[in-house]
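> There's a structure below that I have some questions on.
There are 2 protein chains.
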Amino acid sequence: MSGRSEQIAATICEAILGHRLKPGAKLGERDLADIFRVSRIVIRQALIRLAEDGLVTVERNRGAFVAKPSLAEAIEVFETLTMVEQGVIAQLGNRPRMSLLTELRANIERQKAALGQGNEQLAGEFGLEFHDLLVSLTRNRVLIELHAQLKRRARLLESLYRCDFDHCQLCDEHEHLVALFDRRQWAKAQQLLDEHYRLVARGYRIEDEIVPSQPLHLAFNPPAPEKPAEESAGSKTAVIAARYRPNGKSSHRIKGDA
Amino acid sequence: MSGRSEQIAATICEAILGHRLKPGAKLGERDLADIFRVSRIVIRQALIRLAEDGLVTVERNRGAFVAKPSLAEAIEVFETLTMVEQGVIAQLGNRPRMSLLTELRANIERQKAALGQGNEQLAGEFGLEFHDLLVSLTRNRVLIELHAQLKRRARLLESLYRCDFDHCQLCDEHEHLVALFDRRQWAKAQQLLDEHYRLVARGYRIEDEIVPSQPLHLAFNPPAPEKPAEESAGSKTAVIAARYRPNGKSSHRIKGDA
DNA sequence: GAAGCAGGATTGGATATCAATTTATTTGGA
DNA sequence: TCCAAATAAATTGATATCCAATCCTGCTTC
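Going down the list, the sequences are from chains A and B. If you count by my numbering, then the first sequence holds residues 1369 to 1626, one letter each, in order. If you count by my numbering, then the second sequence holds residues 1369 to 1626, one letter each, in order.
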C-alpha cells in the first residue's frame, strides 16, 4: 500500500492537477529529493509512475518535465473521453440499472443549486462529478480507473489552456442527457454527449503566454499559513482565476513530507 | 533507445504476453537482476512500469508477481474493450472516413484466407488485428495507446484461462459489422459488437490448475528452439460465468495460443 | 499438534561513486 | 561587438554496498 515513491508521486500529481506546477516545469531529481528528504532513486521511481500516467515526460539525459500536451493531443484526450462515455451509454442499454439514474439527477440538482448561488467553482466540480457518476454506473473498476486517468490528463490541460465554461448550458445538457436515458434513446444520448464535449473543448483557448510555475519548493510546501501565496499575477490568467473564485476559497491541502 | 529499465520492462512484457511467464509467477528482483546483468534498482523501475500497466502486481515487502486477474476483473477488461470500441463506432458516424473501411475489408479477406488454409493461429491474429484497425480509424493516438493497454491485459488472460474460439463465427461477425458500418446503422453495430465480445468471452474457461511457468531464466533466454508449447492438456476446465455462457455451442475449437 | 520464537531471505530505501551527456561558461577569433 | 569553439559545471543513468523492516520458514517448546 504505502511505498514512499507512491506517496510522492501522488503529491506531485496533486501539485500538477492543482496547477501549482505548470506544464513544461522541470522536475529535477536533486531538487525533489531535497524537498521530500528522500534519495534520488525514490524520486526517479515516482517520476516513472507519473510518466506512465501521462502527466510527466522524461527525456533521456535531460530530465523530467511536467507534460505539455499539444493542442492536437488535448483534442485527442477529449475525444477519447467522449468515446469512453459513449461506450458507457451503449452499455447502459443492456443493463436495467435505471434506478441509478437518481444519482445523476441528484448531482444535477446540486449543480443547479450551486449555479443559483453563483458559485461557479462548485458548479464546475459538480459538472465533473456528473461524468464520474455516469461511468460509475457500469460498476466496472477497470473502466473507472481508465476514465480517472483520462480525467487527470484533461485537468492538466486546464493549466495549459485558458478555460471558459458555460456551466449553465453544460448543466442543461446533463439534464437533457438523463432525460434521453430515461426514454432509452441511446443513440441520441451519444450524439448529445459528443456535442457536450465539443462544447467543453470550445471552452479551451490557446494561451499566448504560459505563466511559469512557481519554484518547486513552493509547489509542495503548503504556502504560508495566512498568505495565499498565489503566483505572481501578470497575465490574463489572473483575471480568469478571479472570475472562477467568487468566494475566494481555493484550499488544496497537500501532504507534506512525513 | 531509452533507459535500460524500459527495455527490460518490454522484455518482461513480451515474456508475459508470450505466456512464458504465467500469472502468479514470482518476479524476484535479485533473480531478474542476475538474468539481465543489471542492478536491482533497474529491475525495480521496470517492475514499476509493468505494475502501472497492469501486468504485474507489487505487494509491499513481498515482491512482484505476474498479475493474476480474477474472473471478475477479466470480465471487466472485456467489457471495457467493448465500451471503448462501441465509442469508436459512435464516432465513426461523425467522420466520413468511410474510405478506410477498405482496410477492414482487406483484413477480413486475409482472415478468411487463413481460415481457408486451416491456419487458425494466423486467423486468430488477424481477428485481433481487426479490432486494432477499427480503433485506428479514429487516428486518435491517446485512444490507440489506451486500447493497446487493454489488449495487453486481455492477452494476459489467455494464459490464465483456457480459450477456445470459433474463428469462423468471429470472422463472420466482423463482416457483418462492416456491413452495418456501410449502412451507417451504428446502434445495431454497437449491439453486434457487444454480442461479439460476449462470444469471445465465452471462449475463456476457468482452468482449475494453473500450469506453473518455467524458471525465469528460461522465460527470457529462449535458447531452446521455439517450442514453448509445453502444456499438459489433461486438466479439467470449468465453465466460465453463466452470464457469459447462455449456450455453449462451438464448432471450431482452437487452442488460442499466441 | 499448536503456539511461539529465532534466523534467513527479500524488499524498501540510503549513501557514495562513476561514466555519459547535456547545459552553461569562458575563451578565442573575425 | 558578435559568433563560435573549447572547457567547466550540472544532471542524469546506473552500480555497488550497506542497513532496517518485514515476511517466511523451520525449529523448539508445551
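Every residue gets a Cβ at the ideal spot worked out from N, C-alpha and C, and that includes glycine.
#1: In chain A, which residues lie with their C-beta within 9 Å of the C-beta of Thr1448(B)?
#2: Would you mind working out which of Ile1403(A), Lys1519(A), Gln1559(A), Ala1557(A) sits nearest Phe1446(A), comparing C-alpha positions?
#3: Which residue marks the beginning of the beta strand (DSSP E) containing Thr1425(B), and which one marks its end?
#4: Considering just the uninterrupted stretch of the beta strand (DSSP E) at Arg1530(B), what are its terminal residues?
#5: Between Pro1614(A) and Ala1482(A), what straight-line distance do the alpha-carbon atoms span, to the nearest angstrom?
#6: DSSP has Ile1416(A) in a bridge; who is on the other side?
#7: Cα-Cα, which of Gln1489(B), Gln1485(B), Asn1475(B), Leu1395(B) is closest to Leu1501(B)?
#8: Give the residues from the stretch 1539 to 1558 of chain B that approach chain A closer than 8 Å (Cβ to any Cβ), ordered along the chain.
#9: Answer with buried or exposed for Ala1432(B), where buried requires no fewer than 16 other C-beta atoms within 10 angstroms of its C-beta.
#10: Starting from the Cα of Arg1430(B), find the closest Cα among His1515(B), Ile1403(B), Arg1398(B), Glu1497(B) and give me that residue.
#11: Ile1409(A) versus chain B: which residues are under 8 Å apart at the beta carbon?
#12: So the alpha helix (DSSP H) Val1546(B) belongs to, where does it begin and stop?
#13: Answer yes or no: does any C-beta atom of chain B fall closer than 7 Å to that of Arg1566(A)?
#14: First and last residue of the beta strand (DSSP E) that includes Ala1432(B)?
#15: Could you give the distance in angstroms between the alpha-carbon of Ser1407(B) and the alpha-carbon of Gly1461(B)?
#16: So which residues of chain A does Gly1371(B) contact, with C-beta pairs closer than 7 Å?
#17: If the cut-off is 8 Å on Cβ atoms, which residues from the stretch 1433 to 1447 of chain A count as contacting chain B, listed in chain order?
#18: With 7 Å as the threshold, decide whether the Cβ of Arg1523(A) is near any Cβ in chain B.
#19: In angstroms, rounded to a whole number, what distance separates the CA positions of Asn1487(A) and Arg1478(A)?
#20: Where does the unbroken alpha helix (DSSP H) through Arg1372(B) begin, and where does it stop?
#21: According to DSSP, which residues form a beta bridge with Lys1556(A)?
#22: Residues of chain B with CB under 9 Å from Asp1421(A), in chain order?
#23: Report all residues from its chain with a CB closer than 6 Å to the CB of His1564(B); omit the five preceding and five following residues, and keep chain order.
#24: Once DSSP output is grouped into helix, strand and coil, what is the label at Leu1395(B)?
#25: Please report how far the alpha carbon of Ile1416(A) lies from the alpha carbon of Lys1436(B), in whole angstroms.
#26: Distance check for Ile1376(A) and Phe1404(A), CA to CA, integer angstroms please.
#27: May I ask you to verify whether the stretch 1373 to 1392 of chain B touches the stretch 1558 to 1572 of chain B, counting CB pairs closer than 8 Å and requiring at least 3?
#28: Is there at least one Cβ from chain A nearer than 7 Å to Ile1416(B)'s Cβ?
#29: Does the Cβ of Leu1439(A) have 16 or more other Cβ atoms within 10 Å, making it buried, or fewer, making it exposed?
#30: In the DSSP assignment, what residue or residues form a beta bridge with Arg1573(A)?
#31: Secondary structure at Gln1582(A), three-state DSSP: helix, strand or coil?
#32: Mind listing which residues of the stretch 1486 to 1502 of chain B have their C-beta closer than 7 Å to chain A's C-betas, in chain order?
#33: Run through chain A and tell me which residues come within less than 8 Å of Arg1412(B), C-beta to C-beta.
#34: Quick one: measure Cβ to Cβ for Leu1423(B) and Leu1524(B), integer angstroms, because I've assumed they're closer than 8 Å.
#35: Taking Lys1685(B) as part of the alpha helix (DSSP H), name the residues at either end of that continuous run.
#36: Any C-beta of chain A sitting closer than 7 Å to the C-beta of Gln1479(B)?
Once the coordinates are examined:
#1: For the purposes of this step, residue 1448(B) is identified with residue 80 of the second sequence, where counting begins at 1. Under the 9 Å cutoff, chain A gives Val1452, Gly1455, Thr1506, Asn1508, Val1510, Leu1511, Leu1514.
#2: Locating residue 1446(A) in the first sequence gives position 78, where the first residue counts as 1. With distances taken between Cα atoms, Phe1446(A) lies closest to Lys1519(A).
#3: Locating residue 1425(B) in the second sequence gives position 57, where the first residue counts as 1. 1424 to 1427 is the extent of the beta strand (DSSP E) around Thr1425(B).
#4: Translated into the one-based positions of the second sequence, residue 1530(B) becomes position 162. Residues 1529 to 1531.
#5: Against the first sequence, residue 1614(A) aligns to sequence position 246. Against the first sequence, residue 1482(A) aligns to sequence position 114. In this prediction, Pro1614(A) scores a pLDDT of 35, lower than 50, which makes its location untrustworthy; no coordinate-derived value is stated.
#6: Taking the first residue of the first sequence as position 1, residue 1416(A) is located at position 48. Looking at the DSSP assignment, Ile1416(A) forms no beta bridge with any residue, so it has no partner.
#7: Locating residue 1501(B) in the second sequence gives position 133, where the first residue counts as 1. Answer by Cα proximity: Asn1475(B).
#8: Trp1554, Ala1555, Gln1558
#9: Position 64 of the second sequence, counting from 1, holds the residue named residue 1432(B). Buried is the call here.
#10: For this step, residue 1430(B) is matched to residue 62 along the second sequence. Minimum Cα distance to Arg1430(B) is reached at Arg1398(B).
#11: On the first sequence, residue 1409(A) is found 41 positions in, with the first residue counted as 1. Simply Ile1409.
#12: Counting from 1 along the second sequence, the entry for residue 1546(B) is found at position 178. Run containing Val1546(B): 1535 to 1550, per the alpha helix (DSSP H) assignment.
#13: As a first step, residue 1566(A) must be located in the first sequence, where it is residue number 198. Chain B, which has no Cβ nearer than 7 Å to the Cβ of Arg1566(A), makes this no.
#14: Counting from 1 along the second sequence, the entry for residue 1432(B) is found at position 64. Run containing Ala1432(B): 1431 to 1434, per the beta strand (DSSP E) assignment.
#15: In the second sequence, counting from the first residue as 1, residue 1407(B) sits at position 39. In the second sequence, counting from the first residue as 1, residue 1461(B) sits at position 93. Rounded to whole angstroms, Ser1407(B) to Gly1461(B) spans 52 Å at the Cα level.
#16: To locate residue 1371(B), count along the second sequence from 1; it is residue 3. Here the neighbours are Arg1428.
#17: Glu1441, Glu1444, Val1445, Glu1447
#18: For this step, residue 1523(A) is matched to residue 155 along the first sequence. Not closer than 7 Å to any Cβ of chain B, the Cβ of Arg1523(A) fails to qualify, so no.
#19: Here residue 1487(A) refers to the residue found at position 119 of the first sequence. Here residue 1478(A) refers to the residue found at position 110 of the first sequence. Straight-line Cα distance between these residues: approximately 11 Å.
#20: Walking along the second sequence from the start, residue 1372(B) turns up at place 4. 1372 to 1385 is the extent of the alpha helix (DSSP H) around Arg1372(B).
#21: Looking up residue 1556(A) in the first sequence gives position 188. For Lys1556(A), which the question treats as bridged, DSSP gives no partner whatsoever.
#22: Counting from one through the first sequence, the residue named residue 1421(A) turns up at place 53. Simply Glu1420.
#23: The residue you call residue 1564(B) lines up with position 196 of the second sequence. Only Glu1541 meet the Cβ criterion.
#24: In the second sequence, the residue the question calls residue 1395(B) occupies position 27. If DSSP states are grouped into helix, strand and coil, Leu1395(B) belongs with the strands.
#25: Position 48 of the first sequence, counted from the start, is the residue given in the question as residue 1416(A). Position 68 of the second sequence, counted from the start, is the residue given in the question as residue 1436(B). Approximately 23 Å between the Cα atoms of the pair.
#26: Here residue 1404(A) is taken as the residue at index 36 of the first sequence, counted from 1. Here residue 1376(A) is taken as the residue at index 8 of the first sequence, counted from 1. Phe1404(A) and Ile1376(A): Cα-Cα distance of roughly 8 Å.
#27: no
#28: Stepping through the second sequence from its first residue, residue 1416(B) is reached at position 48. With 7 Å as the cut-off, Ile1416(B) counts as an interface residue toward chain A.
#29: Translated into positions along the first sequence, residue 1439(A) becomes position 71. Counting Cβ neighbours within 10 Å, Leu1439(A) comes out exposed, since fewer than 16 surround it.
#30: The residue you call residue 1573(A) lines up with position 205 of the first sequence. In the DSSP output, where bridge partners are listed per residue, Arg1573(A) has Arg1530(A).
#31: Locating residue 1582(A) in the first sequence gives position 214, where the first residue counts as 1. DSSP places Gln1582(A) in coil when its eight states are reduced to three.
#32: none
#33: Against the second sequence, residue 1412(B) aligns to sequence position 44. Within 8 Å Cβ-Cβ: Gln1413.
#34: Position 55 of the second sequence, counted from the start, is the residue given in the question as residue 1423(B). Position 156 of the second sequence, counted from the start, is the residue given in the question as residue 1524(B). With a Cβ gap of about 6 Å, Leu1423(B) and Leu1524(B) count as contacting.
#35: Outside the modelled stretch of chain B, which goes from 1369 to 1626, sits residue 1685(B), for which no answer is possible.
#36: Residue 1479(B) sits at position 111 when you count from the first residue of the second sequence. Closer than 7 Å: no.
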